[in-house]
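S.K.: Numbering (our numbering), first residue to last: 5 to 585.
One structure follows; several queries about it will come next.
Below you can see the structure in the form of structure tokens.
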């Protein structure tokens, strides 16, 4: 068994987590994920300002645990290298020197394709990018990490790798999985997907948060990875939070697409996952099937889109739509709406009028806009006041996913500054299947129609649910019998919904169609939505194409990462059979 602990789910996560995971119980590998799609843009901005192109918070965490990890033989694997893995590796060496420690540090490069000629066709929309990329980074897999560990590295720093690679890499290193060991590789990808977001696997952001004890001191997750790729998700004893089939299911459906989850090492079949209770705060993941990886790698491209600014006005009392109309008329009389490249106006149910403008001209989107809003203060609707003072515009970036043939990307592995032969002579490259139209780390469309409940391949014994009389119903919020979790994947939003029993799932699968979803959440009506049943985990997954526009950094939504979409759905009243309540 290989015990792989997570201590970071994003750039900005709890600084004490590394120390908690190292001191809280036995582990073999300490990992952390710092690189959301937005983070690459943040790091690019830092680099333009002369700051490090890696995540310095990793070094702060490392200072607390590096000596202990060396003493106990705990390996450290992180993608905190961001846009400068070599610089981060040097910083680790410098930290070790200050602490009087001697260690081996590896870093992985080859993901940075900035400046190389790329076919800049958006993998989601088919549009071609005309702007010059600021960053372009391919998603690498776990094999370079395994090579670095096999060469004796104590710390492995990478740039852009898939989130799951931080678990798959150590699994390959420990168990010697080859490219043909598809099922174990797929199991490691699922384990990596579960623990990559830190406390989201242990009760954080959980729909049924009332069931989670001591959430304020939620423990981070760890995966006990086995040679066959199965794993137990757990946490250290004495920590807050909860590991249950429910919390693991919630994370499984987070930022998911169809049942085939494509990555550079393997395609993991999420419709073959079996979850079972393995004791208090322990959930066994087993039965995961794998298929060959695609012949393409996803490349996260970012470019500077221009400047943006938002002003928020508060509407109270009566006639809110009329007040919003008057506010807009007063504003556009002072600065024409046509002055901007894009305008987004949103009136929330709570009476917030958010006006966001975007322009290639910094001054137009800045003081010219915000001052125009303020000028209406005494000549607008009754009760006028705002939440934001006049201010300057800020630059924003656009996320643009593209595909490249995997054969055109070559990982490079360095240990203490010396490059290793990679791939090693005794480790053959996996044979690449024909180039697919799906992206690594972003699941492709399923082989079956989106509303078909049957998976493409057998997933094990089916749970037979006897017919039940559902004629008597009660109108309650959907969330009283179903959980949900939502998130972002570029310009698309993901919405996973699950039930806690096969009977509730059978009803949910029949009730919550795409049309019903649009009926419950009318704001989704204009968008194409794919629906992917996952009956093995009693879940449905919806992908809302284009809801987030050009990605989180450019989205004018109040909730640019669609984090609240699941809770909005759970609050919607619907007719539920009394037998299920």
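Backbone N, C-alpha and C fix where the C-beta goes; we use that ideal spot for every residue, glycine too.
No experiment lies behind these values; they were computed from the predicted model shown.
1. At what residues does the alpha helix (DSSP H) containing residue 375 begin and finish?
2. Between the alpha carbons of residue 133 and residue 542, how many angstroms are there, rounded?
3. CA-CA distance, residue 252 and residue 503?
4. Near residue 550, what residues of its chain come up, given a Cβ to Cβ distance below 6 Å and the 5 sequence neighbours on each side ignored?
5. Whole angstroms is fine: what's the gap from residue 412's alpha carbon to residue 99's?
6. Using only the alpha-carbon positions, how far apart do residue 254 and residue 564 sit?
7. Using the Cα positions of residue 446 and residue 63, report the straight-line distance between them to the nearest angstrom.
8. Determine the direct distance from the alpha carbon of residue 279 to that of residue 450, and round the result to whole angstroms.
9. Can you list, in chain order, the residues of its chain whose CB lies under 8 Å from that of residue 345, leaving out five sequence neighbours each side?
10. Go through the region 341-419 residue by residue and report every complete run of the beta strand (DSSP E) that reaches 3 residues or more, in order.
11. According to the Cβ coordinates, are residue 580 and residue 484 closer than 9 Å?
12. How about the region 84-96 and the region 154-167: do they share at least three Cβ pairs that are nearer than 8 Å?
13. Please look up how many angstroms separate the CB atoms of residue 235 and residue 190, rounded, as I've assumed it's under 8 Å.
14. Suppose contacts are defined by Cβ-Cβ distances below 9 Å. Is residue 307 in contact with residue 138 by that definition?
15. Which value, in whole angstroms, describes the spacing of the CA atoms of residue 302 and residue 243?
16. What would DSSP say about residue 538, mapped onto helix, strand or coil?
17. Given that a residue counts as buried once 16 or more other Cβ atoms are within 10 Å of its Cβ, and exposed if not, what is residue 10?
18. Would you check if the distance between the CB atom of residue 598 and the CB atom of residue 403 is smaller than 9 Å?
19. Between residue 146 and residue 389, what straight-line distance do the alpha-carbon atoms span, to the nearest angstrom?
20. Can you tell me whether residue 44 is buried or exposed? The criterion is at least 16 other CB atoms within 10 Å of its CB, across all chains shown.
21. Would the C-beta of residue 389 count as close to the ligand PLP, meaning under 8 Å from any of its heavy atoms?
22. Who pairs with residue 139 in a beta bridge, going by DSSP?
23. Could you give the first and the last residue of the continuous alpha helix (DSSP H) run that contains residue 111?
24. In angstroms, rounded to a whole number, what distance separates the CA positions of residue 239 and residue 77?
25. Per DSSP, residue 545 is paired with what?
26. Using three-state DSSP, classify residue 315 as helix, strand or coil.
27. When burial is assigned at 16 or more other CB atoms within 10 Å of the CB, is residue 582 buried or exposed?
28. Can you tell me which of the three DSSP states residue 209 falls into?
29. Can you name the residues that DSSP bridges to residue 149?
30. To the nearest angstrom, how far is the alpha carbon of residue 574 from that of residue 518?
31. Within 10 Å of its beta-carbon, does residue 589 have 16 or more other beta-carbons around it, so buried, or fewer, so exposed?
32. Just mark residue 30 as buried or exposed, buried being the case when its beta carbon has 16 or more other beta carbons within 10 Å.
33. Quick one: what does DSSP say residue 441 is sitting in, helix, strand or coil?
34. Nearest to residue 59 by CA position, among 513, 109 and 93, is which residue?
35. Looking at C-alpha atoms only, which residue of 246, 353, 497 and 406 is the closest neighbour of residue 117?
36. On a CA-only basis, which of 22, 568, 578 and 155 is nearest residue 427? Give me that one, please.
M.R.: Taking the coordinates as given:
1. 373-379
2. 39 Å
3. Residue 252 and residue 503 have their C-alpha atoms some 13 Å from each other.
4. 495 and 531
5. 35 Å
6. 20 Å
7. Residue placement at residue 446 is flagged as unreliable, the pLDDT there being 35, under the threshold of 50; a coordinate-derived value is accordingly withheld.
8. Residue confidence is low: residue 450 scores 33 on pLDDT, short of 50, so the model does not pin down where it sits. No coordinate-derived value is stated.
9. 310, 362, 363 and 364
10. Note on the region 341-419: whole beta strand (DSSP E) runs with a minimum of 3 residues are 346-351, 356-363, 398-409 and 416-419, in chain order.
11. yes
12. yes
13. Incorrect: roughly 11 Å between the Cβ atoms, too far for contact.
14. yes
15. 37 Å
16. strand
17. The residue in question, residue 10, is buried, as its Cβ has 16 or more Cβ neighbours within 10 Å.
18. Outside the shown range of the chain, which is 5 to 585, sits residue 598, and nothing can be said about it.
19. Across the structure, residue 146 and residue 389 are spaced so that their CA atoms are roughly 53 Å apart.
20. buried
21. You won't find the ligand PLP in this model; it holds no ligand whatsoever.
22. 306
23. Looking at the DSSP string, residue 111 is not in any alpha helix (DSSP H); the run it does join, the beta strand (DSSP E), is 109-113.
24. Approximately 20 Å between the Cα atoms of the pair.
25. 500 and 536
26. strand
27. exposed
28. Collapsing the DSSP output to three states places residue 209 in coil.
29. Bridge partners of residue 149: none, in fact.
30. Their backbone Cα atoms lie some 15 Å apart in a straight line.
31. Since the first residue of the chain shown is 5 and the last is 585, residue 589 is not available in this structure.
32. exposed
33. Reliability fails at residue 441, whose pLDDT of 31 lies under 50, so the model's placement of it is uncertain and the value that follows must be treated cautiously. Three-state result, residue 441: coil.
34. 93
35. 406
36. 155
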